[in-house]
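Structure first, then comments.
2 protein chains.
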Amino acid sequence: MDTPASADREGISRIERMCIERGLKMTGQRRLIARVLSESEDHPDVEELYRRAVAQDSRISIATVYRTVRLLEEKGILERRDFGGGRARYDQADRGQHYHLIDVDTGKVIEFADPRHQALAQEIAARLGFELVDHRLEIFGRRFPEGKAPPGPRRPAKPQDET
Amino acid sequence: MDTPASADREGISRIERMCIERGLKMTGQRRLIARVLSESEDHPDVEELYRRAVAQDSRISIATVYRTVRLLEEKGILERRDFGGGRARYDQADRGQHYHLIDVDTGKVIEFADPRHQALAQEIAARLGFELVDHRLEIFGRRFPEGKAPPGPRRPAKPQDET
DNA sequence: ATAGGTGCAAAAAATTTGCTTGGAT
DNA sequence: ATCCAAGCAAATTTTTTGCACCTAT
């Protein structure tokens, strides 16, 4: 059968393009997940990705979502994160070095960049005899008391995103 | 019954003392876990803690280990860590601020301290309108090629400890 | 005495996998 | 046509929990 506009319709997502570059077989499901990911500004977990995907096309199973994020992580397209909610969450790998601040009261995650940490991490790795491969920094913080934020639990609320 | 030398025998572990300070009921199992933890220089997961505990006294179940580390975390005696191996790992909370470097080839974890990060994290939190509650830094590195370390997988080997 | 801890096994929760069918190349 | 992907459900893996019994206080 012919595939109408097989590879250059208006709607090729950024992540789909990365998949193609890496020679991945593009099924409808992968295309869908790629689109959902490309449109996501936050750090969804698999359950959430599945929800967003199903909303667009129900012909996808959660097993496929698991298999796909795993594949994309292996291909360096996604990075797996752990913000403490018990579920792995995913972040696009090509957004440049950035870090996360988690609001311990609300669980919201805020991204930030700071070039100084990179240099510091590099230096420390070298001091210990390693070359820097990657590094992660998570800051847990509490919004300055503008109202009255009661002292919350030590363990942050299940992380959610700022969106 | 009398407890011979109830609270000042040679063998009260550091963590047991912290438990007592916080008014926890000290059972044989808790004492044992406290001792195992106090003697651990690394970052064991629950399975490993269980193994070490059973080796000293088999009258303990893994459910109790889970319940106990959870309790100790709530009491601020332990901190839960995630180094990517799929299992939670535990670190004594009172060792001062320190960070971890994970060897991506071997999975070994090395601790280090660096006061500059604390200041930086503080400053960043403030800039974003938060007060600093906690922060974590993990560096993933590869030992400098003294032999020939082939480029390994992106995901580190299941973290093990340096011990 | 009694509140709370423990063991055991079952339940949950998150993720992976075997197998058959379906679809991309 | 071939090989890999997807669906589904069962299996794994990690952690939690219900309940009857036991123990530190």
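So the sequence lines, in the order shown, correspond to chains Z and V. full-length UniProt numbering applies: residue 1 is where the first sequence begins, and numbers increase by one. full-length UniProt numbering applies: residue 1 is where the second sequence begins, and numbers increase by one. All C-beta atoms, glycine included, are put in the ideal place defined by N, C-alpha and C.
{"Query": "For G141 of chain V, write down the residues that DSSP places opposite it in a beta bridge.", "Result": "Z:L132 and V:D103"}
{"Query": "I need the DSSP call for Q97 of chain V, collapsed to helix, strand or coil.", "Result": "coil"}
{"Query": "Should the stretch 127 to 146 of chain V be called in touch with the stretch 115 to 131 of chain Z, which here means at least 3 C-beta pairs below 8 Å?", "Result": "yes"}
{"Query": "Which chain V residues sit within Cβ distance under 7 Å of D82 of chain Z?", "Result": "D82"}
{"Query": "Considering only DSSP beta bridges, list what Q92 of chain Z is partnered with.", "Result": "Z:L78"}
{"Query": "Following the continuous alpha helix (DSSP H) through E123 of chain V, name the residue where it begins and the one where it ends.", "Result": "P115 to R127"}
{"Query": "Below 6 Å CB to CB, which residues in the same chain sit around R136 of chain Z once its five sequence neighbours on both sides are set aside?", "Result": "none"}
{"Query": "Going straight from the alpha carbon of M18 of chain Z to that of E74 of chain Z, what length do you get?", "Result": "13 Å"}
{"Query": "For chain V, find out if any of its Cβ atoms is closer than 8 Å to the Cβ of G107 of chain Z; answer yes or no.", "Result": "no"}
{"Query": "Could you work out which residues of chain Z lie near residue 168 of chain V, taking near to mean beta carbons separated by less than 9 Å?", "Result": "Any question about residue 168 of chain V goes unanswered here, given that chain V covers just 1 to 163."}
{"Query": "Could you check what DSSP says for residue 183 of chain V in three-state terms: helix, strand or coil?", "Result": "Nothing can be reported for residue 183 of chain V: it is not among the residues displayed for chain V, which extend from 1 to 163."}
{"Query": "If the cut is a Cβ gap below 7 Å, which residues of chain V does R143 of chain Z touch?", "Result": "G129 and F130"}
{"Query": "Which term fits R35 of chain V, buried or exposed, when burial requires 16 or more other beta carbons within 10 angstroms of its beta carbon?", "Result": "buried"}
{"Query": "For R89 of chain Z versus P44 of chain Z, is the C-beta distance shorter than 8 Å?", "Result": "yes"}
{"Query": "For a cutoff of 8 Å on Cβ pairs, would you count P4 of chain V as touching chain Z?", "Result": "At P4 of chain V the pLDDT is 38, less than 50, meaning the model places this residue with poor confidence; the figure from the coordinates comes in the next sentence. So, not an interface residue."}
{"Query": "At a CB-CB cut-off below 7 Å, which residues of chain Z make contact with I124 of chain V?", "Result": "F112, D114 and I139"}
{"Query": "What are the start and end residues of the alpha helix (DSSP H) that includes I12 of chain V?", "Result": "It is not in any alpha helix (DSSP H) - I12 of chain V carries neither H nor E in the DSSP assignment."}
{"Query": "Pull up the DSSP beta-bridge partners for E111 of chain V, would you.", "Result": "V:H100"}
{"Query": "Are the stretch 84 to 100 of chain Z and the stretch 102 to 113 of chain V in contact at 8 Å, needing three or more beta carbon pairs?", "Result": "no"}
{"Query": "Considering only the alpha carbon of each residue, which of Z:E39, Z:G23, Z:T27 and Z:Q29 lies closest to S13 of chain Z?", "Result": "Z:E39"}
{"Query": "Tell me where the alpha helix (DSSP H) around L24 of chain V begins and ends.", "Result": "It is not in any alpha helix (DSSP H) - L24 of chain V carries neither H nor E in the DSSP assignment."}
{"Query": "Please list, in chain order, all residues of the same chain as L37 of chain V whose beta carbon is under 6 Å from its beta carbon, the five residues on each side excluded.", "Result": "I15"}
{"Query": "Determine the contact status of A78 of chain V and Q92 of chain V, defining contact as a CB-CB distance below 8 Å.", "Result": "Just to set this straight, residue 78 of chain V is Leu in the shown sequence, not Ala. Cβ distance < 8 Å, so L78 of chain V and Q92 of chain V count as in contact."}
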